[in-house]
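Everything below concerns the one structure shown next.
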Amino acid sequence: MQEVGVGLYPSISLLNHSCDPNCSVVFNGPHLLLRAVRDIEVGEELTICYLDMLMTSEERRKQLRDQYCFECDCFRCQTQDKDADMLTGDEQVWKEVQESLKKIEELKAHWKWEQVLAMCQAVISSNSERLPDINIYQLKVLDCAMDACINLGLLEEALFYGTRTMEPYRIFFPGSHPVRGVQVMKVGKLQLHQGMFPQAMKNLRLAFDIMRVTHGREHSLIEDLILLLEECDANIRAS
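Residue 511 in the working numbering sits at position 232 of the sequence shown; the count goes up by one each step and never skips.
This is how it looks when you write it as structure tokens:
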């Protein structure tokens, strides 16, 4: 679920935004897929989320206002749903992490993985007692650390960071959400490569349950996931 380019899909531009959408957009190569992620009532408007959902209501409203020129007055924004969880921890500390993220994401955009990992490790270690993993800025640093480790071939470390993201992702991406599905798949794959077959099977099955809704059975990621499930099952039977 990372940006790799820009595409023009005029028909999808007809869909309005919701911070609690009933549809998701995923890509399979150059093809855009619109998938329902929950039951939709007759006559109910189809909606998608224009934004990264790991944002507070204030951040979401600002980006929607600046980029799409409208004010969001949905239930989640009005009630500041999940904001308290997202900003858990020492405010001074998470504001410092928020600033550090700008540099981390800049390095990540240029594939400077050694520097990304070093900076993430410094941030995480300095805040280990003061900022919980559910804080969205800490969570984003953990995500960057996992991605850096994967790209550097440090799979054991990648699993350590990825495992810490699982509970926050469950809270912030409830139900069938493509971002959570892909994250759970990544953690399950890392567990498989570490020989943690029962744990891997549990997460790969969870990823499959989510992604068959969000991506569909014909998606290339689902095909990859089925192969991982078969490999995991074979290892469990052989052990």
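Think of the CB as a built atom: it goes at the ideal place given N, C-alpha and C, for glycine as much as any other residue.
Considering only the alpha carbon of each residue, which of SER499, ARG491, LYS361, LEU507 lies closest to PRO309?
SER499
4 or more residues per run - each alpha helix (DSSP H) lying fully within the region 414 to 455
415 to 431, 434 to 451
At a cut-off of 6 Å, is SER405 close to the ligand GTP when judged by its beta-carbon and the heavy atoms of the ligand?
Absence of the ligand GTP from the depicted structure is noted, as is the absence of any ligand whatsoever, leaving it without description.
Option nearest LEU287 by Cα separation, candidates CYS298, SER297, ASP299, PHE306:
PHE306
So CYS302 is in the beta strand (DSSP E); what residue range does that whole segment cover?
302 to 307
Backbone secondary structure at ILE291 - three-state DSSP:
helix
For ALA437 and ILE319, I'd like the C-alpha separation in whole angstroms.
37 Å
Three-state secondary structure (DSSP) at ARG339?
helix
DSSP three-state label for HIS472, please.
helix
On the CB-based measure, 16 or more other CB atoms within 10 Å of its CB, does TRP390 come out buried or exposed?
exposed
Give me the residue from MET334, VAL316, LEU312, LEU294 with the minimum Cα distance to CYS302.
VAL316
Would you mind working out which of LEU396, VAL420, GLN394, VAL395 sits nearest ASN406, comparing C-alpha positions?
VAL420
So, helix, strand or coil for ARG314, using DSSP?
strand
Secondary structure at ILE501, three-state DSSP: helix, strand or coil?
helix
Starting from MET398, trace the alpha helix (DSSP H) both ways and give me its first and last residue.
392 to 405
Opening and closing residue of the alpha helix (DSSP H) in which LEU366 lies
First-last for LEU366: undefined, no H or E at that position.
Among the candidates ILE383, SER336, MET475, whose CA atom is the shortest distance from the CA of ALA401?
ILE383
Counting Cβ pairs closer than 8 Å, one from the region 474 to 485 and one from the region 506 to 513, do we hit at least three?
yes
On the criterion of 16 or more Cβ atoms from any shown chain inside 10 Å, does LEU506 qualify as buried, or is it exposed?
exposed
MET334 versus ARG516 - alpha carbon distance
43 Å
Per DSSP, THR326 forms a beta bridge with which residues?
ASN295
Classify LEU485 as helix, strand or coil using the three-state DSSP reduction.
helix
Is the number of C-beta pairs between the region 481 to 501 and the region 443 to 459 that are closer than 8 Å three or more?
yes
Leaving out the 5 sequence neighbours to the left and right, which residues in its chain are closer than 7 Å to TYR224 when beta-carbon positions are compared?
Residue 224 is absent from the model: the chain starts at 280 and stops at 518.
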